[in-house]
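A.B. asks: Keeping their order, the protein sequence lines are chains U and L. With this note's numbering applied, the first sequence closes on residue 384, and no number is skipped along the way. With this note's numbering applied, the second sequence closes on residue 1266, and no number is skipped along the way. Pasting in a structure now, in structure tokens, and then I'll have a few things to ask.
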Amino acid sequence: MMTTDSSGDVRLSGIGKTYGSFTAVHPLDLTVPQGSFFALLGASGCGKTTTLRMIAGLEEPSSGTVHLGDQDVTHLPPYKRPVNTVFQSYALFPHLDIFENVAFGLRRRGIKSVKKQVDEMLELVQLGEQARKKPHQLSGGQQQRVAVARALINHPKVLLLDEPLGALDLKLRRQMQLELKRIQTEVGITFIHVTHDQEEAMTMADTVAVMNAGRVEQLGSPTDLYENPQTTFVANFLGTSNLIEAEVDSKTGGEIVVRAGGGKLLLPEARCSASTTTGGKVLVGVRPEKISLAHADDAGEISEARNRITGKIVDSSFIGVSTQYVVDSPACPGFEVYAQNIDRDPRLVPGAEVVLHWSPAHTFGLDAAQDIDAGVETVEEEAA
Amino acid sequence: MPFVNWLKRHLVVIAGLVTLGYLLLPNVIVTVFSFNKPKGRFNYEWQQFSTDAWKDPCGVADMCGSLSLSLQIAVWATVGATVLGTMIAFALVRYRFRARGAVNSLIFLPMAMPEVVMAASLLTLFLNMGAQLGFWTILIAHIMFCLSFVVTAVKARVMSMDPRLEEAARDLYAGPVQTFVRVTLPIAAPGIAAGALLSFALSFDDFIITNFNAGSTVTFPMFVWGSAQRGTPVQINVIGTAMFLVAVLFVLFSMVVSNRRTRQKA
Chain U
1 MMTTDSSGDV
11 RLSGIGKTYG
21 SFTAVHPLDL
31 TVPQGSFFAL
41 LGASGCGKTT
51 TLRMIAGLEE
61 PSSGTVHLGD
71 QDVTHLPPYK
81 RPVNTVFQSY
91 ALFPHLDIFE
101 NVAFGLRRRG
111 IKSVKKQVDE
121 MLELVQLGEQ
131 ARKKPHQLSG
141 GQQQRVAVAR
151 ALINHPKVLL
161 LDEPLGALDL
171 KLRRQMQLEL
181 KRIQTEVGIT
191 FIHVTHDQEE
201 AMTMADTVAV
211 MNAGRVEQLG
221 SPTDLYENPQ
231 TTFVANFLGT
241 SNLIEAEVDS
251 KTGGEIVVRA
261 GGGKLLLPEA
271 RCSASTTTGG
281 KVLVGVRPEK
291 ISLAHADDAG
301 EISEARNRIT
311 GKIVDSSFIG
321 VSTQYVVDSP
331 ACPGFEVYAQ
341 NIDRDPRLVP
351 GAEVVLHWSP
361 AHTFGLDAAQ
371 DIDAGVETVE
381 EEAA
Chain L
1001 MPFVNWLKRH
1011 LVVIAGLVTL
1021 GYLLLPNVIV
1031 TVFSFNKPKG
1041 RFNYEWQQFS
1051 TDAWKDPCGV
1061 ADMCGSLSLS
1071 LQIAVWATVG
1081 ATVLGTMIAF
1091 ALVRYRFRAR
1101 GAVNSLIFLP
1111 MAMPEVVMAA
1121 SLLTLFLNMG
1131 AQLGFWTILI
1141 AHIMFCLSFV
1151 VTAVKARVMS
1161 MDPRLEEAAR
1171 DLYAGPVQTF
1181 VRVTLPIAAP
1191 GIAAGALLSF
1201 ALSFDDFIIT
1211 NFNAGSTVTF
1221 PMFVWGSAQR
1231 GTPVQINVIG
1241 TAMFLVAVLF
1251 VLFSMVVSNR
1261 RTRQKA
């Protein structure tokens, strides 16, 4: 058996940060394995950047320890840690040209012949031609790549990325996501990526930690987080979820029967993160793309084994590949349904009576004692 | 009609040239009169062209001595005010300390206060302390009034500086000293240079404060003032023209350097 190199593991034990009476990060434990692409995902002010800065050494933790492999680096200043950061604003040195920006770390460590390494690194990020330009002469995407090159050239054990794509426009961001993923695979360094963009976290990272109000809400692979959210925050922040307040009716053979809006729904017990008692409350969730939409006239054709809810279309928007419907039902107002545009039913227009149905296996259950709207993106956050 | 259109199109250029002329006319007069050969002791009327004064710029007794003294004072005042002012500016921007607000506003007082008031109170202070008036009292006075200009110039620069740049330097293996020398100082440099240039110019041509606190020492502005009572030697114009030329050459040189740099980069 091969021994895995654990010298690039990042281990945070009970690490926390308080500013006066404000707790930015509640003591948390986190292990990022060597060579993985790890994302810290959360809305602004959730403590993800503070966590990152504590790993970099730019912020002194109020409690807990930071280990890199076997080394305790908790009290090492940033310039003594084998960790480099790509800053949100890139923080390129405006008085130095691109070559000198990239060579900065090597020179500070007393390495004399930097030319070959810098040239190679600039080739890796496809900026060989721009070596003698100043940062302000480059485009945003190019500056971003310089920032990555400047950090990577030092072969850090861990590369920290603080919202590295936040300042780029959508198309460029997509391109840079793939680019960063390619570089990470090529160099095999542990990447820890902080972002508020759930799509970015899911497309790039192997493991995502969703943070909210200074705590890690849930940690797992992107598919795991998306399919099996454990809290309303995760359910709403990663993609969209329809959450229905329901009452537990009975439990039989691994399935929970719940009542909502006069109908009954099935929920696999294994997919319910909350403890349930008969008569108790539970939140039942389903993703919009798992739901099929049928006109009320066709209700008889739906299999009895599927969960179903009746409602009325209040809004529909044609996106191209799909159509997004908003359906009001007694069980839940504003139910969202994404339907692939394979065969469009011309009767499905606002005002139509419909039946929503989905496989019980796609249903998940959450603790009802939570804010049902936690993590729902507001218009303001979208703009930011 | 075509003339009116032409005027409309070039109005900005014409206004610019007229303003430039207004600014430069005194310098032109100084230059022209440095080639004059006055009849009496006063160099106020054009007589005939001569290069006598240029051939013997130190021909007037004590003038070059006072010039050298002024240059020395200006250099030391610039060094003193720039070092102190830069440190004050960094402290005011970077740190939160108790008297910060008070210091922040008091530092501007020398800029706002009438010079003659400041000169008189400084003299009172020096006399009460029993200080010997001369080079040192002049230097102390000059550093004092130059300080506020340096602080203003450097503060603006430091405030607009992204604190992430220093964090990036520390992240890239630069210790505190290296961070300061390699990143902080070069980025603050234009502000520091502006403060230093202002200090030099202010110190070199200061008359009021110097006159109060100089004792028997005579600086160049004091010499010019003193000789203007009895007659103005052409050499004063020579020195003035020479200084103007030095300044112009300085500007041209920095323009050429920055031009060449941008052309190399492109």
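Note that CB positions come from ideal geometry on N, CA and C, so glycine has one too.
#1: Residues in its own chain within less than 8 Å of residue 62 of chain U by CB, not counting five upstream and five downstream?
#2: Just curious, the alpha helix (DSSP H) that residue 182 of chain U is in, first and last residue?
#3: Please go through the same chain and pick out, in chain order, the residues whose beta-carbon is closer than 6 Å to the beta-carbon of residue 331 of chain U, but skip the five residues on each side of it.
#4: Compute the Euclidean distance between the alpha carbons of residue 1006 of chain L and residue 1025 of chain L, then round it to the nearest angstrom.
#5: Does residue 95 of chain U have its Cβ less than 8 Å from a Cβ in chain L?
#6: Since residue 224 of chain U is in the alpha helix (DSSP H), which residue starts that stretch and which ends it?
#7: List in chain order: all unbroken beta strand (DSSP E) runs of 3+ residues lying wholly within the stretch 240 to 328 of chain U.
#8: Buried or exposed for residue 384 of chain U, going by 16 or more other Cβ atoms inside 10 Å?
#9: Within 10 angstroms of its Cβ, does residue 176 of chain U collect 16 or more other Cβ (buried), or is it exposed?
#10: Using beta carbons (cut-off 8 Å, strictly below), is residue 1192 of chain L in contact with chain U?
#11: Please go through the same chain and pick out, in chain order, the residues whose beta-carbon is closer than 8 Å to the beta-carbon of residue 280 of chain U, but skip the five residues on each side of it.
#12: Do you know whose CA, among U:214, U:225, U:196, lies nearest residue 206 of chain U's CA?
#13: Pick helix, strand or coil for residue 15 of chain U, following the three-state DSSP scheme.
#14: Per DSSP, what kind of secondary structure is residue 365 of chain U in: helix, strand or coil?
#15: Does the CB of residue 1157 of chain L have a neighbour CB from chain U at under 8 Å?
#16: In chain order, what residues of the same chain lie with their CB nearer than 8 Å to the CB of residue 380 of chain U, ignoring the 5 residues before and after it?
#17: Taking 8 Å as the cut-off, decide whether the C-beta atoms of residue 342 of chain U and residue 327 of chain U are in contact.
#18: Quick check: the Cα distance between residue 152 of chain U and residue 375 of chain U, rounded to an integer number of angstroms?
#19: Report the residue from U:321, U:296, U:285 whose alpha carbon sits nearest the alpha carbon of residue 362 of chain U.
#20: My guess is that residue 1187 of chain L and residue 1161 of chain L are in contact by the Cβ rule of under 8 Å, so how many angstroms apart are they, rounded?
#21: What separation, rounded to the nearest whole angstrom, lies between the Cα atoms of residue 1232 of chain L and residue 1225 of chain L?
#22: What does residue 89 of chain U reach in chain L if we use C-beta pairs closer than 8 Å?
#23: So, do the stretch 62 to 82 of chain U and the stretch 224 to 240 of chain U have three or more beta carbon pairs nearer to each other than 8 Å?
#24: If distances are taken between C-alpha atoms only, which option among U:302, U:291, U:329, U:346 comes closest to residue 318 of chain U?
#25: For residue 1107 of chain L, which residues from the same chain have a beta carbon less than 6 Å from its beta carbon, with the 5 sequence-adjacent residues on both sides left out?
#26: Measure the C-alpha to C-alpha separation of residue 12 of chain U and residue 202 of chain U and round it to an integer number of angstroms.
#27: Please determine, among U:322, U:349, U:143, the residue with the shortest C-alpha to C-alpha distance to residue 339 of chain U.
#28: For a contact defined as C-beta to C-beta under 7 Å, what are the partners of residue 104 of chain U on chain L?
#29: Considering only their Cβ atoms, is the gap separating residue 87 of chain U from residue 192 of chain U smaller than 8 Å?
#30: For chain L, check one thing: does any of its Cβ atoms lie closer than 8 Å to the Cβ of residue 159 of chain U?
#31: Label residue 170 of chain U either buried or exposed according to how many other C-beta atoms from any shown protein chain fall within 10 Å of its C-beta, with 16 as the threshold for buried.
#32: For residue 1025 of chain L, which three-state DSSP category applies?
#33: Would you say residue 1256 of chain L reaches chain U, if we count a Cβ-Cβ gap shorter than 8 Å as a contact?
#34: Count the other CB atoms, across all protein chains shown, that sit within 10 Å of the CB of residue 1248 of chain L; report buried if there are 16 or more and exposed otherwise.
#35: Residue 350 of chain U and residue 316 of chain U: beta carbons closer than 8 Å?
#36: Relative to the C-alpha of residue 1202 of chain L, which candidate in L:1032, L:1082, L:1117 has its C-alpha closest?
C.D. replies: Based on what the coordinates show:
#1: 16, 17, 18
#2: 170 to 187
#3: 244, 260, 261, 309
#4: 26 Å
#5: yes
#6: 222 to 227
#7: 242 to 252, 255 to 260, 263 to 268, 281 to 286, 292 to 295, 307 to 318, 322 to 328
#8: With a pLDDT of only 38 at residue 384 of chain U, under 50, the local geometry of the prediction cannot be trusted, and the value read off the model is given with reservation. Residue 384 of chain U is exposed by the Cβ-count criterion.
#9: buried
#10: no
#11: 247, 248, 368
#12: U:225
#13: strand
#14: strand
#15: no
#16: Only weak support is given to the placement of residue 380 of chain U: the predicted model assigns it a pLDDT of 46, under 50, and the value that follows is read from those uncertain coordinates. Counting only Cβ-Cβ distances below 8 Å, and skipping sequence neighbours, we find nothing.
#17: no
#18: 34 Å
#19: U:285
#20: 6 Å
#21: 9 Å
#22: 1162, 1164
#23: no
#24: U:346
#25: 1148, 1151
#26: 22 Å
#27: U:322
#28: 1172
#29: no
#30: no
#31: exposed
#32: helix
#33: no
#34: exposed
#35: yes
#36: L:1082
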